[in-house]
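Here the numbering used here is used: the first residue of the sequence shown is 43, the next is one more, and so on.
For glycine and all other residues, C-beta sits at the position ideal for the given N, C-alpha and C.
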Amino acid sequence: MNRFAFALAVLASLFSTSAMAHGDVPENLAPVHVGDFTSEAGEALPDFLRRVGGALHAYTLETGFEACGAIGQADGRFSVRLFSDRVPHGCAVRTGTMAAGFAFSGETIHSHPHAKLLTLDSRARAWSNFYRDGNGGAPTLRNDGSSGFSRADLAGGPGWLVAKGQLLHQARGKTTRHGEVTR
């Protein structure tokens, strides 16, 4: 239930202008920019996302935090700007921060920490309160997505995930594995 409420909050952010662009996110919850990626000419989306996935995997493995980005598309090429809200249990997708010339494709990519039990510090609980995911008072949270899509992800629509070094895609509740991410 709590992860489902979060999925709804993330979905709402997907199809609106980003909160970050409007300055609505409190300063203490400001995201960090993890990196920008653009595909090579002719590079297929899964191949490109395996490269992006390498950066996501390394960041999440090092920090324990999720990171995410909206996938942009233009003239047969793809782009992703990755951000992290520096919490282990969520990441607000910022569709208003696409690279110049790219339009939101309707899909996102994010990472999941490996731990099965996530510790929510005061910052993570403040993030939960701000995004109203129902976890604002929780000291810990069971990570039902440590090796794949969480229930909230599956309820949220199509998208890409990096979990335990693997690139996954889901659409209409069906998960397709695209192999290991590259570094």
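Residue(s) in a DSSP beta bridge with residue i
i    : result
W202 : I151, H211
K216 : A213
V74  : S126
L160 : L183
F79  : V122
E222 : Q208
Cut-off 6 Å between Cβ atoms - residues of its own chain near residue i, not counting five sequence neighbours on either side
i    : result
A49  : A caution first: A49 carries a pLDDT of 39, below 50, which makes its placement in the model unreliable, though a value can still be read off. Answer for A49: A194, A197, G198, listed in chain order.
T182 : L159, T161
T80  : S121
Beta-carbon proximity list for residue i, same chain, < 8 Å, skipping 5 on both sides
i    : result
G178 : R167, A168, S170, N171
Proximal residues to residue i (C-beta, below 7 Å), its chain only, five neighbours per side dropped
i    : result
F146 : A112, G114, T137, M140
P200 : E149, Q212, A213
D89  : none
L87  : F120
E222 : G207, Q208
DSSP three-state assignment for residue i, whether helix, strand or coil
i    : result
L196 : helix
H64  : With a pLDDT of 35 at H64, under the threshold of 50, the predicted position of this residue should be treated as unreliable, and no value is reported.
F144 : coil
L98  : helix
E108 : coil
Cβ-Cβ separation, residue j to residue i (assumed contact under 8 Å), whole Å
i    : j    : result
S126 : H156 : Their Cβ separation, rounded to whole angstroms, is 16 Å, which puts S126 and H156 out of contact at 8 Å.
L103 : V204 : L103 to V204, Cβ: 10 Å. No contact.
C110 : V135 : 5 Å
G190 : T224 : So it is not a contact: roughly 20 Å between Cβ atoms.
I151 : V94  : 6 Å
Ranges of the beta strand (DSSP E) found wholly within the segment 111 to 140, counting only runs of at least 3: Whole beta strand (DSSP E) segments, 3+ residues: 119 to 126.
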